[in-house]
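J.: If you scroll down you'll find the structure; I have some questions about it.
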Amino acid sequence: MKFDTPATTNPIDQGKVVGRAQDRIDGPLKTTGTAPYAYEHHDVAPGQVYGYPVCATIAKGRIRSIDTEAAKAAPGVLGIVTAANAGKLGKGKMNTAHLLGGPEIQHYHQAVALVVAETFEQARAAAHLIKVDYTRSDGAFDLAKAKGQAKMPSDSQDNKDTAHGDFAGAFASAPVKLDATYTTPDHSHAMMEPHASIAQWEGDQLTLWTSNQMIAWSVGDVALTLGIPKEKVRLVSPYIGGGFGGKLFVRSDAVLAALGAKAVGRPVKVTLPRPLIINNTTHRPATLQRIRLGATREGKITAFGHESWSGDLEGGQPETAVSQSQLLYAGENRMTAMRLAVLDLPEGNAMRAPGEASGMMALEVAMDELAEKLAMDPVELRIVNDTQVDPNHPERPFSQRHMVQCLRMGADKFGWNQRSAKPGTRREGRWLIGMGMATAFRNNLNMKSAARVRLGADGVVTVQTDMTDIGTGTYTILAQTAAEMMGVPLERVKVELGDSSFPVSAGSGGQWGANSSTAGVYAACVKLREAVAGKFGMDANSARFEDGLVVAGGQRKKLADAAADGELVAEDKMEYGDLAKKYQQSTFGGHFVEVAVDSATAEIRIRRMLAVCSAGRILNPKSARSQVIGAMTMGAGAALMEELVVDKRLGFFVNHDLAGYEVPVHADIPHQEVIFLEETDPIVSPMKAKGVGELGICGVAAAIANAVYNATGVRVRDYPVTLDKLLKEMPALTA
Ligand code: MOS
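Using numbering that gives the first Met the number 0, you'd call the opening residue of the sequence shown number 0 and step up by one each time.
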């Protein structure tokens, strides 16, 4: 089915199941610990043995020799895989560095060997007996130093410079201007479930039970890496304990498990130990961002400039931190530019809301700074600079843009009028109190997505697609979609996900998953409705599917009876025409935060957070709220604690475990609230929904940083905002 004209009224609009707050249908499995995660498929392949990875202890150079003799002789060891005996390996399209290194080493903790043994402990003990002798080369590890050599990324048109009007002239002549530089550090996904895979070969057929967001991408990349046809690869990933972009791609656990299983002739399971994950896998790259804003005295932006520098391994990609600056605010004279430096740190890649999450950390503090220079309320400054069209291409309207409504409602519900415009002036005992806000913005993307739906003689509808549920609630919204379309209660729908033997879906990434994958199920259900109507000799277009019945032309039939003489199976995909070219499709919101800062120690406490979101139809307000709250929490981490510390001499992230890489916990944020605007966006898809899971993180960190500024009068432009950066400029203590 092709979606190339805006949606009209369709069965989803009934809103009997879709749009209602539903508990997760997979909740009982998860809360009872019986949903099998990647490492826990104990019964799928008999005779599983254990692989333990050995990872490089240099950032760049070559392996001179690997001595595996002692490891080979260790108890229980069945085999050892290295680049020297693994055979010729390719590289996945989505991978920048090889997943098994050697003899060349491309980054610290790049895998160099896998030890396979009867037990996990034997594999781990033997891994420590492997001696690797390296020749170390010099590398570039310092973004600030490499900045001068950074180049315009050449990989895609989207990453090129943009320029409209006369930015330099308009900035020079603007009566009010801001020119500030912000830095964001490298971040780690730090998902709960470590990367893990079980590999089994049956002849030349490989099955991988793994933890992966994008099944079809990864089937292709496993095949490319191992040099086998993709038809010979099956990936199974039904439950995923978080990904945040870290599992968009095949990682070393999958490739090592496959190689280990081949070497020893048994199924092999590999998990990356937590201390190896951070340097072995991917991370959100650090940025340096310069923002220049010029405005009239009334606060109209006339010059808008945003430049960002980031680094990656040779052949890698930039952090696209300027993307929102092309769309979020009006202003006739504008420019954006990204520069990419070659760094020999581990591979940089997508992490939740790549681009906007980092870009908004800078832009929305810059807007706060500009508002202060203008003596204007920060909410009003944003409203004055709203645009209903793509500022670089004014002939392109937004499909829908309710930024102003989000900000007004947020200000009202949060009690923004209680904010003191003068920083450092509101005290409660020893605490300095501040409020901050930021706009939320993230683009909506649609991806082609297919599904199969089956109707059994028992009236149960089964949905099958290779879509993944990374903790987001996909099982539930797909069940809601099928229930609404087929007119059955939620309990009569079964959903099976994450298996490459099912039709290829959008996968989970870039907040495109929910809208795209439900649209795929919608398309398949339209086909199934036609099949059912055909069985009953009814007209599919006028038939109503409700309460387990099919009603048309004076006939009433039980849905289940359509499958009485055999299961009905329908399959289709949703594809998209050029509506996303004609209309800019984005999601909007407002973040509001109140903090308290200890006047003596500068300890920062978030007191409450509110997000108001505009993202089309909200398919399941309960799981959408959980997504946004999770994203706000992640944004709090980015604002106040998360930073991968780079060892600039040796080229690795020093704090590579959860003891050193701090992420927020419940106790860090006592109160969070989320409001969704009641709306639908018919230009986007028949679901009239948009992504929301990444919108929730975009802008949060800036809202917190702005609140800290409002509390203390100390402006920190170097994330995370920690007490050491505040202390020396804190207001004088009063008695
Ligand atoms: Mo998201 S960073 O595209 O999983």
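Just so it is clear, CB atoms sit at the ideal spot from N, CA and C, and this is done for glycine as well. Small disclaimer: the values here were computed from a predicted structure and weren't measured.
1) Examine the Cβ distances between the region 568 to 577 and the region 600 to 608 and report whether three or more of them are shorter than 8 Å.
2) From the DSSP output, read off the bridge partner residues of K150.
3) According to the neighbour-count rule (16 or more other Cβ atoms, all chains shown, within 10 Å of its Cβ), is N416 buried or exposed?
4) What would DSSP say about C612, mapped onto helix, strand or coil?
5) The alpha helix (DSSP H) with M402 in it runs from where to where?
6) When you get a sec, list the residues whose CB is within less than 6 Å of any heavy atom of the ligand MOS, chain order please.
7) Applying the 10 Å Cβ sphere with the 16-neighbour rule, what's the burial state of G533?
8) Under 8 Å between the Cβ atoms of G347 and A704?
9) Looking only at C-alpha atoms, which of K372, L234 and I227 sits nearest to N211?
10) Between the Cα of E355 and those of A125, V713, E693 and A666, spot the shortest distance and give me the residue it belongs to.
11) Give the DSSP-derived three-state secondary structure of K29 in the structure shown.
12) Can you check which of these residues, Q325, F2, R296 and A294, is closest to E306 by C-alpha distance?
13) Counting C-beta neighbours from all protein chains within 10 Å, is the total for R429 16 or more, i.e. buried, or is it exposed?
14) Does DSSP put I65 in a helix, a strand or coil?
15) Give me, in chain order, the residues of the same chain whose beta-carbon lies closer than 7 Å to that of R381; leave out the 5 immediate sequence neighbours on both sides.
16) Rounded to the nearest angstrom, what separates P52 and V111 at their Cα positions?
17) What does DSSP give as the partner residues of K1 in its beta bridges?
18) Using a Cβ-Cβ cut-off of 6 Å (strictly less than) and excluding sequence neighbours within five positions of A126, which residues of its own chain qualify?
19) Express the C-alpha separation of A449 and S622 in angstroms, rounding to a whole number.
20) Give the DSSP-derived three-state secondary structure of T209 in the structure shown.
21) For the beta strand (DSSP E) holding Y133, just list the boundary residues, first then last.
22) Measure the alpha-carbon distance for M484 versus G565 and round it to whole angstroms.
23) Tell me whether the beta-carbon of K687 lies closer than 8 Å to the beta-carbon of T586.
24) Could you check if M631 is buried or exposed, using at least 16 other CB atoms within 10 Å of its CB as the buried criterion?
25) Could you tell me the boundaries of the beta strand (DSSP E) in which K372 lies?
26) My output table needs one value for K176: the three-state DSSP class, helix, strand or coil.
27) Quick one: Cα of F397 to Cα of G60, how far?
28) Would DSSP call L431 helix, strand or coil?
29) Please state whether DSSP places M436 in a helix, a strand or coil.
30) Going by beta-carbon coordinates alone, are V592 and M608 separated by less than 8 Å?
31) Where does G78 fall in DSSP's three states?
32) Just checking, does the region 304 to 321 make contact with the region 84 to 96 on the three C-beta pairs under 8 Å criterion?
33) Roughly how many whole angstroms lie between the Cα atoms of A20 and N619?
T.: Taking the structure as given:
1) Not touching, per the Cβ criterion.
2) L339
3) exposed
4) strand
5) Segment M402 to F413, the alpha helix (DSSP H) holding M402.
6) Q212, G242, F243, G244, L247, A349, M350, R351, P353, G508 and G509
7) exposed
8) no
9) L234
10) It is E693 whose Cα lies nearest to the Cα of E355.
11) helix
12) Q325
13) exposed
14) strand
15) M366, L406 and T438
16) 8 Å
17) E574
18) Only residues of its own chain outside the window of five on either side were considered, and among them Y51, V53 and V114 have a CB closer than 6 Å to the CB of A126, listed in chain order.
19) Each residue's alpha carbon lies about 22 Å from the other.
20) strand
21) Start and end: K130 to R135.
22) 21 Å
23) no
24) buried
25) Secondary structure note for K372: it is in no beta strand (DSSP E), and the uninterrupted alpha helix (DSSP H) holding it is E355 to L373.
26) strand
27) 49 Å
28) strand
29) Note: M436 maps to strand in three-state DSSP.
30) Contact: yes.
31) DSSP places G78 in strand when its eight states are reduced to three.
32) yes
33) Each residue's Cα considered, the two are about 5 Å apart.
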